[in-house]
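**Student:** The sequence shown maps to residues -26 to -1, 1 to 323 in mature numbering (1 follows the signal peptide of the UniProt record, and there is no 0).
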Amino acid sequence: RAAGGGRWLPWLGLALLPLAVPPAAAPGGCPSACYCVATPELVTCRYERLEEPPRELPAAVHNLSIAGSNLSILPRAAFAARPLRDLRLLRLRHDNIHTIEDMALQGLPALRTLDLSHNPLLSVAAGAFAGVPLLSTLQLNQALLAAPLEEQLALAMQNLTLRRLELAGNALQALPASLLSPGLEELDLRNNSLQRLAATELRSLEAPELRGLRLNLGANPLSCDCALRPFLAWLRSAGSRVLDARSLRCAGPPALRGAALLRLRPEGLVCSAGEGGEPGQLETASYVFFGIVLALIGIVFLMVLYLNRRGIKRWLHNLREACRDQMEGYHYRYEQDADPRCASAVGTP
């Protein structure tokens, strides 16, 4: 049996040989700092600390991913060293990109998806996305934390026809209305700092060019107070537009923490003074509190009287006796002054 098993060893070695040999360079050249997976259409460069995009890429590449490098700046025509007319997806995650110059994507006419997530963006030129007319998906997750870039991005995106925009994890406190281009179909706002969508923001979502827009709002610290009522009403009437509506939970106040938004009642959402509550509710609460305080004071006063009832009775008795003695003195003097005999005796020399 051992001899029979030995006959299979050469064949087993031949079967494992492709796993031990690195993939051959793809036709048209695969950059030394990268590797091509299966076919030259997928090129991945990971954690190679590149200072600039690789120049020798397969001409037929469809997907290009560069991660963990130090690209810093995307200059004009950063990927145009060799025509990449078939490139459709470009991922540039964790590449320390802080500046995107004009025409940085020139030479990528077929690009449809651009992922710039997890980069500390500081400057985006107005023409940064020029030359990519087919771009429909822009991913900027955790890329807007280093500086406020809403105005710059609005200028750079004005000639794009985006279908999907991802802005997750950017500590946004309000809906980025200037980035909502006409025709946008999906907006990812998960894991931001949104407490609610205000009435003005809800009206902007009802614009004719944004009627088909769907939102992702999960993992936001929603504040379930009276200011949430317009958003709650909109969420119930247009719930299909919020893809994760059923998973939305309250982050505060403590009494409602963790409660599902769709199970809340508008009348159960109250305001506190620090949140600009409604005057009527605050006034009513003040009167109730004042009444409770007065009732407590009255109860304490009655308890004091009850506990000191004997002393109070003795004090009242003494007070009454003193008043009686005083009145008897006055009465005696009055009688003396009214007696004529006393008066004549006083007047005789």
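Built from N, CA and C at the ideal position, the CB exists for glycine as well.
May I ask you to check if the CB of GLN80 is nearer than 7 Å to at least one heavy atom of the ligand PLP?
**Tutor:** The model depicted lacks the ligand PLP and carries no ligand whatsoever.
**Student:** For a minimum of 3 consecutive residues, which ranges assigned as the beta strand (DSSP E) are wholly contained in the region 94 to 130?
**Tutor:** The qualifying runs are 111 to 113.
**Student:** Using DSSP with H/G/I as helix, E/B as strand and the rest coil, what is THR174?
**Tutor:** Your numbering for residue 174 matches position 200 in the sequence shown. If DSSP states are grouped into helix, strand and coil, THR174 belongs with the helices.
**Student:** For PRO27, collect the residues of the same chain with a Cβ closer than 6 Å to its Cβ; drop the 5 residues on either side in sequence, then sort them by chain order.
**Tutor:** Walking along the sequence shown from the start, residue 27 turns up at place 53. Correct list, in chain order: ALA52 and PHE53.
**Student:** Grab me the residues of ARG203's own chain with a C-beta within less than 7 Å of its C-beta, minus the 5 sequence neighbours each way, in chain order.
**Tutor:** Here residue 203 refers to the residue found at position 229 of the sequence shown. So the list reads PRO240 and LEU243, once near-sequence residues are dropped.
**Student:** Taking 7 Å as the limit between beta carbons, can you name the residues of its chain near ILE71, skipping five residues before and five after?
**Tutor:** By one-based count along the sequence shown, residue 71 stands at place 97. Same-chain partners within the cutoff: LEU45, SER46, LEU48, LEU90, ASN93 and LEU95.
**Student:** Of the residues ARG137, GLU140 and ALA219, which one's Cα is nearest the Cα of ARG170?
**Tutor:** In the sequence shown, counting from the first residue as 1, residue 170 sits at position 196. Taking only the C-alpha atoms, the option nearest ARG170 is ALA219.
**Student:** Beta-carbon within less than 7 Å of LEU123's beta-carbon, same chain only, minus the 5 sequence neighbours each way: which residues are those?
**Tutor:** Within the sequence shown, the letter at position 149 stands for residue 123. Excluding sequence neighbours, LEU123 sits near LEU95 and VAL98.
**Student:** For the candidate residues GLY186, ALA201, ALA229 and ILE273, whose alpha-carbon lies nearest to that of GLY213?
**Tutor:** Here residue 213 is taken as the residue at index 239 of the sequence shown, counted from 1. GLY213 has its Cα closest to that of GLY186, out of GLY186, ALA201, ALA229 and ILE273.
**Student:** Are the beta-carbon atoms belonging to LEU79 and LEU38 less than 8 Å from one another?
**Tutor:** As a first step, residue 79 must be located in the sequence shown, where it is residue number 105. As a first step, residue 38 must be located in the sequence shown, where it is residue number 64. It is not a contact, given that the beta carbons lie outside the stated cut-off.
**Student:** What does SER39 pair with, by DSSP beta-bridge criteria?
**Tutor:** Working through the sequence shown from its first residue, we reach residue 39 at position 65. For SER39, which the question treats as bridged, DSSP gives the partners THR18 and ARG65.
**Student:** Of all the options PHE103, LEU191 and ARG86, which has the alpha carbon lying nearest to the alpha carbon of GLN132?
**Tutor:** Here the question's residue 132 lines up with position 158 in the sequence shown. Comparing Cα positions, the closest option is PHE103.
**Student:** For LEU16 and HIS36, I'd like the C-alpha separation in whole angstroms.
**Tutor:** By 1-based counting over the sequence shown, the position of residue 16 is 42. By 1-based counting over the sequence shown, the position of residue 36 is 62. The alpha-carbon atoms of LEU16 and HIS36 are separated by roughly 6 Å.
**Student:** Mapping the DSSP letters down to three states, classify CYS4 as helix, strand or coil.
**Tutor:** Within the sequence shown, residue 4 is the residue found at index 30, counting from 1. Three-state DSSP puts CYS4 in coil, outside helix and strand.
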